[in-house]
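Numbering (the numbering used here), first residue to last: 142 to 280.
Scroll down for the structure; my scribbles are underneath it.
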């Protein structure tokens, strides 16, 4: 009983903070990457919601006697656990997608600017050579 109580207390302290931090982390990255879809913002929120529901289910199971635990409680704890991970995995995949998208855009800008600068330098080099040739031709 004392071990179960300690688990339940830790569930409502540590496991309460984690889903909130994880959802905030994901939402912050979505905002930084400029994701505009409201639907995408729901994934980490739903993940945190299912995480909290799973913590509640686990605490209810831990506080009950072994013969009082129903199959429905075990099934709900299992389903909320699976749903939590599905939404968290989707959330992290979207973060990786946003990061790669940002990286590709940055690389395209660097490539475009370097090509534009190369063209500008080539044009300047041609003008210098042309001026030099015309200067040499006059003497």
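Just so it is clear, CB atoms sit at the ideal spot from N, CA and C, and this is done for glycine as well.
In this structure, the CA atom of residue 233 is about 20 Å from the CA atom of residue 194.
Per DSSP, the continuous alpha helix (DSSP H) segment holding residue 200 begins and ends at 179-204.
Annotated three-state conformation of residue 153 is coil, per DSSP.
Counting the other Cβ atoms within 10 Å of the Cβ of residue 179 gives fewer than 16, which makes it exposed. Under the three-state reduction of DSSP, residue 269 is assigned to helix.
The alpha-carbon of residue 162 is positioned some 31 Å away from that of residue 210. For the pair of segments examined, the stretch 216-224 was found to touch the stretch 194-208: the number of CB pairs separated by less than 8 Å reaches three. When the beta-carbon positions are compared, residue 247 and residue 191 stay at least 8 Å from each other.
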